[in-house]
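Chains as they are written, first to last, in this note's numbering: chain A, 1 to 560; chain B, 1 to 386.
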């Protein structure tokens with residue numbers, strides 16, 4: 001049994017002590033010990049009491065279930081819940097709960113009744129780690145096929161690929177009615193037939209290999225069951241099999257529209273685990289590429305969203321503008337999509353000479369006019385407004401309960417941005433606003449992203465100014481002193497970055513070896529899609545596409 | 001009717017019309033691809049032939065030689081018939097359209113014929129959707145049926161409004177009130193000022209919108225909404241059967257543009273006709289030009305409308321089906337209905353005061369302009385106050 005020690009909190013702050021006391025007073029037999037996870041306090045809870053403690057903390061303002069992670073500790077499986085607050089101010093802001101269950105009977109109560117986000121998190125934990133959650137409303141596998149045997153993230157997992165894959169293929173191919181059978185519905189005495197259809201995995205508007213099993217009543221969606229996992233590439237398993245350095249190129253492939261952000265969360269987590277400080281120039285270089293990548297990703301969103309609504313031309317316009325950013329990245333690292341640019345402790349290469357003056361500055365001058373063009377084509381178009389305003393309204397409480405982050409959450413009026421809440425790099429030294437929406441409808445989710453492009457340009461302006469002031473003095477300082485073999489000490493951290501899709505987090509457990517012991521990714525697209533089954537109900541088919549388009553999911557990230 | 005005239009009328013003229021229209025289809029496809037490329041800041045096809053003009057031919061050749069797949073699960077007879085049903089009525093509708101002197105058949109119920117046949121084309125789409133035995137295709141077919149029914153009405157009423165004034169003209173100048181030839185003749189006067197789109201502005205707007213919806217083009221392309229229904233009714237079609245739907249769409253566009261040209265844009269009439277200084281440009285006595293000039297003007301106007309179709313398609317997002325229905329039933333139909341009533345009253349009033357300063361027709365035109373202006377002002381004030 002390889003127990004990785006968790007560091008004891010030496011002197012818990014007053015707030016933690018106070019919460020500890022009140023928690024122990026409210027649930028005296030349920031709370032065991034107080035430890036820490038990275039910077040956050042962590043309480044070990046009696047597994048059977050997790051729902052009770054969870055509900056208690058939910059009342060205390062921890063309205064955001066950020067992550068459900070699982071760690072195979074040999075004889076036991078440890079389940080880690082990360083809680084955060086969005087609509088309330090709590091102190092400490094983030095905390096962790098741990099439950100330790102025996103390996104052979106890995107089961108504990110579900111938290112679905114407390115946070116709706118628990119639904120998909122727990123299905124994933126069951127699928128990959130074999131933890132069952134009693135009382136879960138929908139205890140199916142989520143990423144792997146139903147016929148899969150075993151739970152791949154357990155350390156003793158072995159499988160006979162040939163026979164199992166053949167069984168799965170047989171089961172799928174012999175299923176004549178993949179969509180399910182049509183049913184009957186009654187309207188004012190008139191019996192109509194429900195239509196069971198598959199939307200995807202091959203469909204122009206599901207943004208990749210998402211499959212929605214729909215039950216249609218005429219043009220209305222009565223039931224929607226998202227089926228994901230077609231692009232599952234086992235990044236959490238691969239993360240454990242690769243060394244810390246070799247893991248970086250893999251991160252490019254999670255959310256391939258935001259490879260820089262993925263590099264960032266990996267490097268940042270390893271640096272935090274090693275307590276490594278990176279040079280000032282690295283921070284600014286990273287911010288430069290992160291913000292450029294955010295603009296590029298949002299441009300793709302605007303273009304594809306126009307496409308979803310049947311307007312093909314804005315797509316070409318935004319891709320033309322995105323091309324400029326890709327050219328810059330190509331100059332930086334030779335790649336246009338999977339950059340592999342960040343390194344643990346630094347970046348792969350310094351900016352080319354005059355990069356700011358010749359490339360970034362002209363782009364900052366160029367883009368605002370192009371955005372005005374988009375405003376004319378889409379934002380000011382009456383048909384576009386009719387298609388998006390008042391369509392798919394998501395109240396803030398719903399979004400928070402489902403753990404939504406990023407533009408989707410901010411469109412519903414919650415001004416939460418990881419760059420502001422848990423600043424990384426040098427975001428705390430920059431000025432930017434967090435655009436929020438008013439109604440939480442499709443229009444707001446669209447316009448928030450357009451506004452975020454403008455904020456990114458503002459940030460880029462400040463980043464350029466830093467480089468213009470410090471170019472000569474800091475040139476070449478692109479890496480910290482990093483040991484040749486990277487072996488972070490045993491321990492665990494959780495770090496997160498704000499990607500164009502929301503909070504991308506990494507729960508990294510190290511055992512002192514060359515590979516991560518556990519590599520749990522909080523994939524924002526995956527979490528954001530969790531509420532889709534609920535919000536799709538009773539929408540028109542055309543609106544379903546309009547709403548799905550605003551989630552801006554990347555299937556590479558959803559399927560992990 | 002002599003032998004040669006009979007041969008021309010019964011056999012050659014229809015053949016020429018068919019050939020001319022079939023030749024324009026690749027031209028429209030080329031225009032669409034080049035214009036949309038310009039709109040999207042691309043170049044578009046420019047490799048096959050001069051400026052890529054032969055590209056549609058190459059595409060057609062490719063489509064013909066592709067394998068014609070008939071899926072196992074379809075209703076075979078209907079499946080094979082549907083593309084024909086989609087294409088033939090749009091082509092047959094062309095018979096009564098006067099391209100200048102060139103016309104396949106000048107029947108006295110021309111407008112009725114067009115309305116009847118252009119609504120028949122929906123059967124092709126509906127049957128294709130149903131016969132494909134594919135749930136998404138069926139939704140496309142059903143959408144198409146609903147859309148056609150909604151827009152057919154507004155369109156017919158817009159045409160009726162024009163026919164009212166045409167019939168006044170026919171009563172005094174002779175000709176059949178429902179013949180498109182009479183409709184064009186009634187628009188003779190001082191260049192474009194005599195054309196109906198000015199004096200029948202509401203009917204013109206209703207007609208244009210309904211025509212885009214009729215031909216299933218964006219922003220009303222719900223039956224084949226790619227982002228929702230993949231390809232809608234023609235998902236299961238391949239090779240030349242698919243090409244027939246494709247052609248049907250363009251022929252339908254041509255027909256509707258031609259009808260619009262006849263009813264609202266003065267048909268083959270030159271925009272310079274009747275303008276004092278430009279009257280010398282009148283070519284109606286020059287031997288060859290007197291036949292070619294009307295054709296030129298007619299096709300120029302048709303091209304303008306095709307361009308409008310293309311422009312709309314590559315600029316606007318798609319509407320939702322309920323918004324589309326609402327536009328058809330709540331906006332276009334009442335607007336056309338009100339306009340028919342207004343035209344009836346104004347044309348009647350014109351008849352009463354006929355000869356007092358202006359002719360009856362002149363009075364109608366004056367009053368119709370005033371009516372549109374008044375409606376616009378009322379709309380502005382109501383909008384301003386709310």
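Built from N, CA and C at the ideal position, the CB exists for glycine as well.
Interface criterion met: the Cβ of residue 315(B) is under 8 Å from a Cβ in chain A. Contact note: residue 384(A) reaches chain B through 317, using a C-beta cutoff of 7 Å and chain order. Per DSSP, the beta bridge partners of residue 42(A) are 35(A), 96(A). Here residue 83(B) really is in contact with residue 241(B); their C-beta atoms are around 5 Å apart, less than 8 Å. Annotation: residue 26(A) to residue 78(A) spans about 24 Å, alpha carbon to alpha carbon. Across the set 280(A), 488(A), 126(A), the C-alpha of 280(A) shows the shortest separation from the C-alpha of residue 470(A). Rounded to the nearest whole angstrom, the C-alpha separation of residue 352(B) and residue 366(B) is 14 Å. Under the three-state reduction of DSSP output, residue 232(B) falls in the helix class.
Residue 498(A) has 503(A) as its beta-bridge partners, per DSSP. In this structure residue 19(B) is exposed. Its beta-carbon is surrounded by fewer than 16 other beta-carbon atoms within 10 angstroms. A distance of 8 Å or more separates the beta carbons of residue 223(A) and residue 523(A).
Contact between residue 64(A) and residue 403(A) holds, since their C-beta atoms are separated by about 6 Å, short of 8 Å. Interface flag for residue 306(B) against chain A is unset, since no Cβ pair is found closer than 8 Å. Neighbourhood of residue 381(A) in chain B, by CB distance below 9 Å: 315, 316, 317, in chain order. If you look at residue 260(B), you'll find it in the alpha helix (DSSP H) that goes 239-264. Within the stretch 527-544 of chain A, contact with chain B at the beta-carbon level (separation under 9 Å) is assigned to 540, 541, 542, 543, 544. Scanning the stretch 87-147 of chain A for uninterrupted alpha helix (DSSP H) segments of 4 residues or longer gives 118-129, listed from N- to C-terminal end.
About 29 Å separates the Cβ atoms of residue 306(B) and residue 136(B), ruling out a contact at the 8 Å cut-off.
Around residue 390(A), no beta-carbon contact reaches into chain B at under 8 Å, the shortest distance being about 12 Å. Straight-line spacing of the CA atoms in residue 25(B) and residue 32(B) works out to 10 Å. Secondary structure at residue 78(A): strand, using DSSP grouped into helix, strand and coil.
With a 10 Å radius around the Cβ and a threshold of 16 neighbouring Cβ atoms, residue 65(B) comes out exposed. Among the residues facing chain B, residue 313(A) is included, as its CB has a counterpart in that chain under 8 Å away. According to the DSSP assignment, residue 199(A) belongs to no alpha helix (DSSP H) but to the beta strand (DSSP E) extending over 195-199.
Along the length of the stretch 418-504 of chain A, whole beta strand (DSSP E) runs at least 3 residues long occupy 491-499, reported in chain order. Of all residues in the stretch 72-102 of chain A, none is placed with a Cβ closer than 7 Å to any Cβ belonging to chain B. For residue 261(B), the number of other beta carbons within 10 angstroms of its own is at least 16, and it is reported as buried. From the listed residues 16(B), 146(B), 75(B), 327(B), the smallest Cα separation to residue 95(B) is found for 16(B).
The stretch 181-191 of chain B and the stretch 114-126 of chain B do not touch, with fewer than 3 CB-CB distances between them shorter than 8 Å.
Secondary structure of residue 560(A) (DSSP, three-state): coil. For residue 167(A), the uninterrupted alpha helix (DSSP H) segment begins and ends at 161-173.
In the three-state scheme derived from DSSP, where H, G and I count as helix and E and B as strand, residue 48(B) is classed as coil. Against chain A, a Cβ distance below 7 Å from residue 323(B) picks out 386. With a threshold of 16 other beta carbon atoms within 10 Å, residue 94(A) meets it and is buried. Taking the C-beta atoms as reference points, residue 294(B) is found no nearer than 8 Å to residue 129(B).
For the options 204(B), 151(B), 291(B), the alpha carbon positioned closest to that of residue 268(B) is the one of 291(B).
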